[in-house]
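Asker: Please see the structure below; I have some questions.
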Amino acid sequence: MENIQERETLKKVHDFFKKSKDKSEGNNAFLKKLLGNNNLGDIIFERLTLFFAVLVFLLIIFMGWEMYSSSILSIKKFGWGFITSSTWDPYSQVFGALPMIFGTLVSSLLGLLIAVPLGLGVAIFLAELAPDWLEKPLSFLTELLAGIPSVIYGLWGIFVLVPWLRNTVEPFLQDKFPNSPFFQGAPYGFGMLAAAIILSIMILPIISSISRDILKSVPNSQREAAYALGATKWEVTKIVLRNSKSGLLGAIILGLGRAIGETMAVTMVIGNRPQISASLLDPGYTMASVLANEFSEATSDLYLSSLIELALVLFVITIIINIFARLLVWSTERKWKLSSS
Amino acid sequence: MEHRKEMEIKLKLKNITFYRRKSTNVIMLTLSLLSALITLVPLIFIFYYTISKGIANLNLNFFTKLPTPVGETGGGMVNAIVGTLILIAIGGGIGIPVGVLTGTYLSEFGHNKFGATVRFFTDVLSGVPSIVVGVVAYTLVVVPMKHFSALAGGVALAILMIPTITRTTEEMIKLVPQSFREAGLALGIPKWKTTLLIVLKTAWKGIATGILLGLSRAAGETAPLLFTALDNRFWSTNIFQPMASLTVNIYQYASAPYKDWNDQAWTAALVLIILISLLSLIFRIITRSKYKTTN
């Protein structure tokens with residue numbers, strides 16, 4: 001009984017402070033009126049910070065506009081054909097980006113296919129299973145993986161991953177599945193498979209760390225309720241997962257966004273040939289790697305403008321993906337914050 | 001009799017479900033542990049190869065000599081090491097003030113729709129591929145100047161740093177207790193001085209961590225430099241000229257068909273990792289408890 005009363009008083013105090021915090025803006029306005037805040041420094045300071053905030057806000061719009069206006073030549077010449085045609089031939093000045101769009105999507109989705117189960121597994125381990133002394137160093141190590149520059153992944157890909165694929169994995173796959181369309185062609189090592197594996201390693205830390213945060217934001221009362229009904233640890237975890245579905249989807253999509261924009265590591269291992277092939281062993285090309293390879297060598301205006309248009313397509317795709325994913329992550333985290341407060 | 005049999009069957013079924021649930025539990029939890037272990041494998045591999053392959057060529061020459069022409073052994077990457085430092089300095093020179101001030105705006109004045117929009121846009125900006133930022137820096141700086149330059153590379157790096165610095169600054173300033181601001185204002189100190197001298201000073205450690213994170217990410221960027229700062233085989237500290245960087249060198253040396261170049265790429269990778277770790281070490285020393293933050 002006493003306990004309940006105490007709690008109610010606490011809640012009242014809490015509410016009071018919360019209200020006064022919300023009102024602090026209004027109070028400031030009142031004080032301003034009362035004292036007449038015409039401090040020049042204040043006005044300059046607020047305007048200055050506002051200026052930079054507006055700058056950052058405009059940056060994205062400006063980036064889109066800048067690329068649009070620089071690629072007008074190719075937009076006018078090819079129209080929608082730019083993303084539906086599969087000929088990319090700088091010599092005869094014909095530019096169709098379909099093979100690169102295909103390469104980007106396939107390599108990223110394959111990367112996701114490997115990274116999602118692993119990343120979610122790691123997140124579950126970190127959020128639900130690992131004791132504190134294990135969770136911290138392990139989180140640190142996965143974040144370390146995210147901090148390695150992508151060109152070092154590429155370097156490792158060229159000299160370690162690709163030879164291993166060429167000599168061990170790809171012959172093995174061809175031996176086991178001789179008729180599968182996915183494993184045709186000479187095993188170069190360089191190709192879609194190598195790109196997908198490198199990408200999966202690179203996006204794994206993103207997926208696992210965001211998912212971990214989302215799982216941790218699920219209130220403990222949910223777990224306790226499930227345990228009280230006699231659920232096993234995995235069943236509890238399943239409930240937690242089901243409750244944070246949309247946030248986890250957001251984490252996965254953020255990983256996809258990263259994979260689509262990833263440049264160096266992919267450029268170094270994918271083989272860089274503009275073709276659409278079902279075989280994972282064949283070389284491919286992605287939008288980002290075309291830019292990395294050909295941008296500084298573009299000889300004609302049309303060539304350059306086509307490359308910039310490619311960057312614009314990449315920009316639009318990643319922006320859409322990011323907006324979507326951020327909204328998902330935000331809404332899940334807010335859901336728990338609202339219900340717990 | 002009937003009844004007993006029924007009970008027995010029910011009990012058996014119950015046992016079966018019980019064991020099935022138990023075993024699913026063990027299997028799934030083991031898989032989760034396994035995925036955590038698998039994640040560590042590439043990390044160990046990458047560090048192992050970078051260190052073991054990079055250390056062979058790690059000598060004084062690497063830090064003091066310029067690259068030699070193909071075929072000649074020896075030579076180093078002093079120009080690329082200095083180049084990387086200059087490039088992140090330019091990036092930081094532009095990106096840090098913009099990021100810190102935007103973060104200050106968001107936490108001190110941005111509790112409105114516009115603030116939320118800016119916050120959202122910064123998050124979206126952090127998802128823009130670095131190569132696209134490179135293209136923008138190209139159209140923005142290289143095209144008007146008519147030649148590649150370190151400045152263009154620095155601009156690209158600055159754009160990439162801004163989201164990280166902005167968001168960390170905002171989060172860190174938010175941690176400063178409201179009473180600090182009130183105490184300053186109560187003494188009649190104008191808001192701008194309170195923000196700069198009290199709030200920012202209290203949050204400075206955290207902000208420095210954000211800046212460090214931005215800088216070290218920028219140091220590892222390759223894609224936005226490929227067609228902005230380009231590359232330079234010679235010694236150059238002129239920011240209006242092309243400039244070498246460690247990352248672009250790693251890319252080119254790794255893709256080249258010469259064995260000694262490939263070896264040097266590993267060394268450059270090792271030096272890059274050391275450089276990034278040094279950056280974080282220096283910041284940690286600077287920010288170590290000179291002012292103890294009280295939260």
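One line per chain: the protein sequences are A and B, in this order.
Residue numbers are given in the numbering used here: position 96 of the first sequence equals residue 96, and the series is strictly consecutive.
Residue numbers are given in the numbering used here: position 89 of the second sequence equals residue 89, and the series is strictly consecutive.
The C-beta atom is built at its ideal place from N, Cα and C for all residues, glycine as well.
As the structure is a prediction and not an experimental result, all values here were calculated from the model.
(1) Return the CA-CA distance between residue 105 of chain A and residue 260 of chain A, expressed in angstroms with no decimal places.
(2) State yes or no: is the beta carbon of residue 263 of chain B nearer than 8 Å to at least one beta carbon in chain A?
(3) Give me the residue from A/292, A/310, A/273 and A/64 with the minimum Cα distance to residue 285 of chain A.
(4) Quick one: residues in its chain with C-beta nearer than 7 Å to the C-beta of residue 67 of chain A, no 5 flanking neighbours on either side, listed in chain order?
(5) When you compare each of B/75, B/168, B/186 and B/286 to residue 233 of chain B by their alpha carbons, which one comes out closest?
(6) Got a sec? Which residues, its chain only, sit under 6 Å from residue 287 of chain A by beta carbon, not counting five neighbours each side?
(7) How many whole angstroms separate the CB atoms of residue 267 of chain B and residue 79 of chain B, which I take to be in contact at a CB cut-off of 8 Å?
(8) Tell me residue 89 of chain A's beta-bridge partners as DSSP assigns them.
(9) How long is the line joining the alpha carbons of residue 273 of chain B and residue 182 of chain B, rounded to whole angstroms?
(10) Going along the region 306 to 325 of chain A in order, which residues come within less than 7 Å of chain B, judged by CB to CB distance?
(11) In chain B, what lies closer than 7 Å to residue 140 of chain A by C-beta?
(12) Within 10 Å of its beta-carbon, does residue 7 of chain B have 16 or more other beta-carbons around it, so buried, or fewer, so exposed?
(13) With distances taken from CA atoms, which of B/169, B/199, B/204 and B/264 is nearest residue 51 of chain B?
(14) Residue 15 of chain B to residue 238 of chain A, Cα distance in whole Å?
(15) Would residue 200 of chain B pass as a contact of residue 117 of chain B if the rule is Cβ separation under 8 Å?
(16) Inspect the beta-carbon positions of residue 264 of chain A and residue 292 of chain A and report whether they are closer than 8 Å.
(17) Taking CB distances under 8 Å as the criterion, tell me whether residue 174 of chain B reaches chain A.
(18) Using CA coordinates, which residue listed in B/213, B/60 and B/160 is at the minimum distance from residue 132 of chain B?
(19) Check residue 292 of chain B in the structure and name its three-state DSSP category.
(20) By the DSSP assignment, the alpha helix (DSSP H) with residue 83 of chain B in it spans what residues?
(21) What are the start and end residues of the alpha helix (DSSP H) that includes residue 42 of chain B?
(22) Identify, in the order they occur along the chain, each residue of the same chain with its Cβ nearer than 7 Å to the Cβ of residue 55 of chain B, setting aside the five sequence neighbours on each side.
(23) CB-CB under 8 Å to residue 257 of chain A, same chain, minus the five flanking residues each way: which ones, in chain order?
(24) In whole angstroms, what separates the C-alpha of residue 269 of chain A from that of residue 210 of chain A?
(25) Is the distance from the Cβ of residue 113 of chain A to the Cβ of residue 252 of chain A below 8 Å?
(26) Taking Cβ positions only, does residue 53 of chain A come closer than 8 Å to chain B?
(27) Relative to the alpha-carbon of residue 150 of chain B, which residue among B/12, B/186 and B/231 has its alpha-carbon at the smallest distance?
(28) Give every residue of the same chain whose Cβ lies closer than 6 Å to the Cβ of residue 154 of chain A, excluding the five residues on either side of it in the sequence, and list them in chain order.
(29) Mind checking which residues open and close the alpha helix (DSSP H) that includes residue 210 of chain A?
(30) Does DSSP put residue 341 of chain A in a helix, a strand or coil?
(31) Quick check: the Cα distance between residue 101 of chain B and residue 85 of chain B, rounded to an integer number of angstroms?
(32) Tell me which same chain residues have a C-beta within less than 8 Å of the C-beta of residue 63 of chain A, skipping the five on either side of it?
(33) Does residue 177 of chain B come within less than 8 Å of chain A when only Cβ atoms are used?
(34) Under 8 Å, do residue 147 of chain A and residue 281 of chain A count as touching if we go by C-beta distance?
(35) So residue 53 of chain A and residue 110 of chain B are in contact, right, with Cβ under 8 Å, and what is the actual spacing, rounded?
(36) Here's the rule: buried if 16 or more other CB atoms are within 10 angstroms of the residue's CB, otherwise exposed. What is residue 186 of chain A?
Answerer: Walking through what the data contain:
(1) Here residue 105 of chain A corresponds to residue number 105 of the first sequence, with the count starting at 1. Here residue 260 of chain A corresponds to residue number 260 of the first sequence, with the count starting at 1. C-alpha separation (whole angstroms): 7 Å.
(2) Position 263 of the second sequence, counted from the start, is the residue given in the question as residue 263 of chain B. It does not: the Cβ of residue 263 of chain B has no partner Cβ on chain A nearer than 8 Å.
(3) Your numbering for residue 285 of chain A matches position 285 in the first sequence. Among A/292, A/310, A/273 and A/64, the Cα nearest to that of residue 285 of chain A is on A/273.
(4) Translated into positions along the first sequence, residue 67 of chain A becomes position 67. Here the set comprises 308, 311, 312 and 315.
(5) The residue you call residue 233 of chain B lines up with position 233 of the second sequence. Of B/75, B/168, B/186 and B/286, the residue nearest in Cα terms is B/75.
(6) The residue given as residue 287 of chain A occupies position 287 in the first sequence. Around residue 287 of chain A: 100, 104, 310 and 314.
(7) Position 267 of the second sequence holds residue 267 of chain B. Position 79 of the second sequence holds residue 79 of chain B. No, residue 267 of chain B and residue 79 of chain B are not in contact; Cβ-Cβ is about 15 Å, not under 8 Å.
(8) Here residue 89 of chain A corresponds to residue number 89 of the first sequence, with the count starting at 1. Paired residues: A/94.
(9) Taking the second sequence and counting its residues from 1, the one referred to as residue 273 of chain B is at position 273. Taking the second sequence and counting its residues from 1, the one referred to as residue 182 of chain B is at position 182. One C-alpha to the other measures close to 44 Å.
(10) 308, 311, 314, 315, 318, 319, 322 and 323
(11) The residue labelled residue 140 of chain A in the question sits at position 140 within the first sequence. Going along chain B, no residue has its Cβ under 7 Å from residue 140 of chain A, so there is no contact; the nearest lies around 11 Å.
(12) For the purposes of this step, residue 7 of chain B is taken as the residue at position 7 of the second sequence. Counting Cβ neighbours within 10 Å, residue 7 of chain B comes out exposed, since fewer than 16 surround it.
(13) For the purposes of this step, residue 51 of chain B is identified with residue 51 of the second sequence, where counting begins at 1. Residue B/264 is the option with its Cα nearest to residue 51 of chain B.
(14) Your numbering for residue 15 of chain B matches position 15 in the second sequence. Your numbering for residue 238 of chain A matches position 238 in the first sequence. Distance between the alpha carbons of residue 15 of chain B and residue 238 of chain A: 22 Å.
(15) Looking up residue 200 of chain B in the second sequence gives position 200. Looking up residue 117 of chain B in the second sequence gives position 117. No. Outside cutoff.
(16) Reading the first sequence from its first residue, position 264 is the one you call residue 264 of chain A. Reading the first sequence from its first residue, position 292 is the one you call residue 292 of chain A. Yes, these two residues count as a Cβ contact at 8 Å.
(17) Here residue 174 of chain B is taken as the residue at index 174 of the second sequence, counted from 1. Cβ-Cβ to chain A under 8 Å: no for residue 174 of chain B.
(18) Taking the second sequence and counting its residues from 1, one reaches residue 132 of chain B at position 132. When only C-alpha atoms are compared, the closest one is B/160.
(19) Residue numbering aside, residue 292 of chain B sits at position 292 when the second sequence is read from its first letter. Below a pLDDT of 50, predicted positions are generally treated as unreliable, and residue 292 of chain B, at 47, falls in that range; no measurement from the model is reported.
(20) By one-based count along the second sequence, residue 83 of chain B stands at place 83. It spans 78 to 108 - the alpha helix (DSSP H) in which residue 83 of chain B sits, taken as one unbroken run.
(21) Within the second sequence, residue 42 of chain B is the residue found at index 42, counting from 1. Where residue 42 of chain B is concerned, the enclosing alpha helix (DSSP H) stretches over 2 to 54.
(22) Working through the second sequence from its first residue, we reach residue 55 of chain B at position 55. Within the same chain, residue 55 of chain B has close Cβ partners 270.
(23) Numbered from 1 along the first sequence, position 257 holds the residue referred to as residue 257 of chain A. 318, 321, 322 and 325.
(24) Along the first sequence, read from residue 1 onward, the residue named residue 269 of chain A stands at position 269. Along the first sequence, read from residue 1 onward, the residue named residue 210 of chain A stands at position 210. Their Cα atoms are separated by approximately 27 Å.
(25) Here residue 113 of chain A corresponds to residue number 113 of the first sequence, with the count starting at 1. Here residue 252 of chain A corresponds to residue number 252 of the first sequence, with the count starting at 1. Contact flag unset, no.
(26) Numbered from 1 along the first sequence, position 53 holds the residue referred to as residue 53 of chain A. Chain B, which has a Cβ nearer than 8 Å to the Cβ of residue 53 of chain A, makes this yes.
(27) Residue numbering aside, residue 150 of chain B sits at position 150 when the second sequence is read from its first letter. Among B/12, B/186 and B/231, the Cα nearest to that of residue 150 of chain B is on B/231.
(28) On the first sequence, position 154 is the one that residue 154 of chain A refers to. Excluding sequence neighbours, residue 154 of chain A sits near 264, 265 and 268.
(29) Numbered from its first residue, the first sequence carries residue 210 of chain A at position 210. Note, residue 210 of chain A: alpha helix (DSSP H), 192 to 217.
(30) Sequence index remark: in the first sequence, residue 341 of chain A carries index 341 (1-based). At residue 341 of chain A, the pLDDT of 48 sits below 50, so the modelled position is not reliable and the matter cannot be decided from this model.
(31) In the second sequence, the residue the question calls residue 101 of chain B occupies position 101. In the second sequence, the residue the question calls residue 85 of chain B occupies position 85. Rounded to whole angstroms, residue 101 of chain B to residue 85 of chain B spans 24 Å at the Cα level.
(32) Reading the first sequence from its first residue, position 63 is the one you call residue 63 of chain A. Here the set comprises 315.
(33) Counted from its first residue, the second sequence places residue 177 of chain B at position 177. So, not an interface residue.
(34) Indexing the first sequence from 1 puts residue 147 of chain A at position 147. Indexing the first sequence from 1 puts residue 281 of chain A at position 281. For residue 147 of chain A and residue 281 of chain A, no; Cβs fall outside 8 Å.
(35) Residue numbering aside, residue 53 of chain A sits at position 53 when the first sequence is read from its first letter. Residue numbering aside, residue 110 of chain B sits at position 110 when the second sequence is read from its first letter. The pair is a contact, with the Cβ atoms about 7 Å apart (cut-off 8 Å).
(36) Counting from 1 along the first sequence, the entry for residue 186 of chain A is found at position 186. Residue 186 of chain A comes out exposed.
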